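For the record, the sequence lines run as chains W and P. Residue 6 is where the first sequence starts when you use my numbering, and the numbers rise one by one after that. Residue 6 is where the second sequence starts when you use my numbering, and the numbers rise one by one after that. Working notes, structure below.
There are 2 protein chains.
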Amino acid sequence: MRHFVRGAAESRSVGPVDVARWEQYFLGNALPFQAMWYSMAPGITSPRDCHPEVELSIVIDGTASVEVGGEITEVRAGSAFLLGSEEPHIIHNRSAGEELLVFSAYWMPGTSGADGSAALDGPAAEADQ
Amino acid sequence: MRHFVRGAAESRSVGPVDVARWEQYFLGNALPFQAMWYSMAPGITSPRDCHPEVELSIVIDGTASVEVGGEITEVRAGSAFLLGSEEPHIIHNRSAGEELLVFSAYWMPGTSGADGSAALDGPAAEADQ
C-alpha cells in the first residue's frame, strides 16, 4: 500500500492554478494514466486548456464550474467530469470563499483501447445533468 | 464533456458498504480502468477484500483507516492510497460522526503496461507518511 498525502505534495503555480503532478511519486508504469491534484482559490478562472489527453476529474472540495463550448456545468464535491481529447475547457471557481480542489487522471486516447469517444458520443442522458 | 453526479448515482449495499459502480454509465472502453464510489457510515468496517486488480483510491469525505498487513494508515480527505494486486485490505471509518466517501479506479495488472509493482516495490519514502 502506498499513501499519497495531498498536503505534503510538491506543487507549482500554472498561472493562477496550483498543480501537484504525480510524477513526483515515480510511479513508472504502475498506473495506466497520469495524475495530478489541482487547486484554485475563490474567484479564480483557469486559462483555457486543450490537450490530446482524455481527462477524468473528481471534485474533492468546492464546486468546479466547467466551461465547455460556451456552456457551464456546475460539478460539486464528490461528482466527476470527463473531458474528451482536444476538448477545450476552462475551469472556474465561482465560490466567494471556498477553495476548489480537484483530482485528475489523464491519458492518451488509445491507452489500453480507451479512446474517450464512447463516453462522449454515447447516450449521455443518464449522466449529463 | 460528461458529468457524473455522485448524488444521482445508482448504488447497492455490499455488506455495510454502499457501492456505486460506474458500469451504470456505459463508458465502454472510454477509460483505461473501472471506477466506483463507495461510502461507509461512521463506525463501519468493510469486509476484508482482496482482488487481482490494482486499486487507486481518492478520499473525498472523511478519513479512511486503511488496514494492510495488520497496520492502519489514516488517509484523510484529499489524499489517496494505492493497493497492489492481491493485497488484502480492510477499510475502517473510525469517525464518530462523519461519513467516508471514496472514489476508486481499478484495473488489471498489465493494463497498458501498468503492473502496479513499481509503485509498491519502488522507493516509497517520499510518499508513505
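Each residue gets a CB set at the ideal place from its N, CA and C atoms; glycine is no exception. Note that the structure is a prediction, hence the values are computed from the model and not measured.
Report the residue from the options whose alpha carbon sits nearest the alpha carbon of residue i.
i              : options                         : result
I96 (chain P)  : P:W112, P:P114, P:C55 and P:S90 : P:C55
N98 (chain W)  : W:G89, W:G115, W:S70 and W:R53  : W:S70
S51 (chain W)  : W:W27, W:G83, W:M6 and W:H94    : W:H94
A110 (chain W) : W:S100, W:E92, W:L87 and W:A101 : W:L87
A101 (chain P) : P:G67, P:R7 and P:Q39           : P:G67
A25 (chain P)  : P:T78, P:R81, P:Y43 and P:E79   : P:Y43
R7 (chain P)   : W:A13, W:G115 and W:G89         : W:G89
E91 (chain P)  : P:V64, P:Q29, P:P114 and P:E79  : P:P114
E28 (chain P)  : P:A13, P:G83 and P:Q39          : P:Q39
So which residues of chain W does residue i contact, with C-beta pairs closer than 9 Å?
i             : result
V71 (chain P) : M6 and H8
Starting from residue i, find everything on chain W with Cβ-Cβ shorter than 7 Å and list it in chain order.
i              : result
R11 (chain P)  : G83 and S84
T78 (chain P)  : M6 and H8
A110 (chain P) : A110
Residue i touches chain W at which residues, Cβ-Cβ below 8 Å?
i             : result
E92 (chain P) : M6
I63 (chain P) : I63, I65 and F108
In the DSSP assignment, find the unbroken beta strand (DSSP E) run with residue i in it and report its ends.
i              : result
Q29 (chain P)  : Premise fails: Q29 (chain P) is in no beta strand (DSSP E) and is neither H nor E.
I77 (chain P)  : E76 to R81
T50 (chain P)  : No beta strand (DSSP E) holds T50 (chain P); DSSP gives it neither H nor E.
L88 (chain W)  : A85 to L88
H8 (chain P)   : R7 to F9
R17 (chain P)  : R17 to V19
F108 (chain P) : L105 to W112
Can you pull the chain P residues whose beta carbon is under 7 Å from the beta carbon of residue i, in chain order?
i             : result
L88 (chain W) : M6
Compare the C-beta of residue i with all C-beta atoms of chain C and state if any pair is closer than 8 Å.
i             : result
Y43 (chain W) : You won't find chain C in this structure, because its protein chains are W and P.
Between the segment 16-23 of chain P and the segment 73-80 of chain W, are three or more C-beta pairs nearer than 8 Å? no
Using 8 Å as the cut-off, can you tell me whether the segment 56-67 of chain P makes contact with the segment 24-37 of chain P, which would need three or more C-beta pairs spanning the two stretches below that distance? no
Inspect the CB distances between the segment 44-53 of chain W and the segment 101-110 of chain P and report whether three or more fall short of 8 Å. no
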